[in-house]
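Working notes, structure below.
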Amino acid sequence: MNDRLVTVTADEAHARIDKFISDNIDGVSRSFAARLIADGNVSINGRQVSKSASVKCGDEITVVIPPPEVLTAEPENIHLEILYEDDDLLVVNKPKGMVVHPAVGNTSGTLVNALMYHCGGRLSGINGVLRPGIVHRIDKNTSGLLVVAKNDTAHNGLAAQIKAHSMTREYLSVVCGRFKDIEGTVDAPIGRNPADRLKMAVTASNSKNAVTHYRVIEQYRDYAYLRLRLETGRTHQIRVHMAYIGHPVLGDDVYGKPFKGIDGQCLHAYRLGFIHPVTYEYMEWQSELPQYFLNVLEKVGNAT
């Protein structure tokens, strides 16, 4: 354990406790501070508080920072929806709410845990012990198709296609607002948000080029149903680009706002295609819309 004691100055009075902690303790982000508060590791003048509490001049803030977790990935018998499998790779349909690989706060129940059980350890090791077989990722609350490599030859071949932007990756999404034009392209670089390192943003600083093509499938009164194609594959790319043009993904509680009835963004990776890295045959799959997505379409459609 690592205890920190900080006294609030007059200039810092009235700040929220999570912001005060992130501003005064190196290496502690605001979200990490909120997690410390939720876990009971923060007190003001000896009393535990909620993250919405504010500080006063002279308050003594005690922060207990627990030792970092030692992360491992263990096989777990978790159901997988497998659309295709051979000796070199498999294509899975990831459900909404499943994390792709273990990380702090999500050490079990991930896609990797399920893959390790299903494949019996036969996964590529290029991305290390916490991400075996993982060639590309989708967010926890994004559902849909992923390809997983069983060996390094397959992994390298698939990764090369991603780098060359030749892998087919298309998504379906419901976003906020109506569009004037039926289709368009967002070409804007993405990097870490300078104001919040846990978020991505369109920025010219330390960024990489990012291109997203979209087409409107249907317009509703306050929303639009889109098909999107990734030309590049940056972290949170669709979510960042849609928010950037004023049409955040419905339910996105990071780049937009929550939507009653679903947890997280309404975004589904529905089409995946690539050249098989061993047989050199082009292969493609489509995933049916999951029930949560159908429920959202019905809800926004009934609002017209």
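Take 7 as the starting number for the sequence shown in my numbering and just add one per residue. Here a beta-carbon is modelled for each residue, glycine too, at the ideal position from N, C-alpha and C. Just so you know, these numbers come straight off a predicted model, no measurement behind them.
C-beta contact flag for residue i and residue j at 8 Å
| i | j | result |
| --- | --- | --- |
| Y325 | I244 | Since the first residue of the chain shown is 7 and the last is 310, residue 325 is not available in this structure. |
| G262 | P254 | yes |
| R240 | A216 | yes |
| V12 | G64 | no |
| R36 | S28 | yes |
| F280 | V153 | yes |
| V105 | K146 | yes |
| L234 | T218 | yes |
| D93 | I132 | no |
| L273 | R175 | no |
| D24 | A39 | yes |
| A275 | I67 | no |
| V97 | W291 | yes |
| K102 | P264 | no |
7 Å CB neighbourhood of residue i in its chain, flanking five on each side removed
| i | result |
| --- | --- |
| R137 | H107 and V118 |
| N99 | E87, L89, G150, L151 and S293 |
| A194 | V208, A216, H247 and Y250 |
| N83 | Y123 |
| H171 | E237 and T238 |
| G52 | none |
| R203 | S35 |
Residue span of the beta strand (DSSP E) that contains residue i, given as start and end
| i | result |
| --- | --- |
| E224 | V217 to Q225 |
| V192 | E189 to D193 |
| L236 | Y229 to L236 |
| Y318 | Any property of residue 318 remains undetermined from this structure, which presents the chain solely from 7 to 310. |
| I251 | No beta strand (DSSP E) contains I251, which DSSP labels as neither H nor E. |
Contact set for residue i: own chain, Cβ-Cβ below 8 Å, skip 5 residues either direction
| i | result |
| --- | --- |
| H20 | S60, V61 and K62 |
| P3 | An answer regarding residue 3 cannot be provided, because it is not within the stretch 7 to 310 covered by the chain. |
| N47 | V69, V70, I71 and P72 |
| A249 | V255, D258, Y261 and G262 |
| V55 | I23, I43, V48 and S49 |
Rounded distance between the beta-carbons of residue j and residue i, thought under 8 Å
| i | j | result |
| --- | --- | --- |
| L129 | G139 | 3 Å |
| L95 | K156 | 6 Å |
| Y226 | V181 | Incorrect: roughly 10 Å between the Cβ atoms, too far for contact. |
| I43 | R10 | Not quite, the Cβ-Cβ distance comes to about 13 Å (not below 8 Å), so this is no contact. |
| G183 | G270 | Not a contact, Cβ separation roughly 19 Å. |
Start and end residues, alpha helix (DSSP H) containing residue i
| i | result |
| --- | --- |
| H274 | No alpha helix (DSSP H) contains H274, which is instead part of the beta strand (DSSP E) from L273 to I281. |
| R41 | R36 to A44 |
| V98 | Unbroken run through V98 is the beta strand (DSSP E), L95 to K100; no alpha helix (DSSP H). |
| E290 | That residue, E290, is in no alpha helix (DSSP H); its beta strand (DSSP E) goes Y288 to Q292. |
| Y298 | Q297 to N308 |
| S312 | Summary: the structure shown does not reach residue 312, with the chain confined to residues 7 through 310, and so no result is reported for it. |
| D202 | Run containing D202: none in the alpha helix (DSSP H); it sits in the beta strand (DSSP E), D202 to V208. |
| S211 | Careful: S211 lies outside any alpha helix (DSSP H) and carries neither H nor E. |
| N83 | From DSSP, N83 is part of no alpha helix (DSSP H); its letter is neither H nor E. |
| V118 | L117 to C125 |
| G163 | D158 to K169 |
Any non-hydrogen atom of the ligand NAD closer than 7 Å to residue i Cβ
| i | result |
| --- | --- |
| I144 | As for the ligand NAD, it is missing from this structure, which has no ligand bound. |
Neighbourhood of residue i by C-beta, 6 Å cutoff - its chain only, sequence neighbours within 5 removed
| i | result |
| --- | --- |
| M289 | H282 |
| H242 | M206 |
Is it true that the segment 284 to 293 meets the segment 198 to 216, where meeting means three or more beta-carbon pairs spaced less than 8 Å apart? no
Three or more beta-carbon pairs under 8 Å between the segment 182 to 194 and the segment 211 to 228, yes or no? yes
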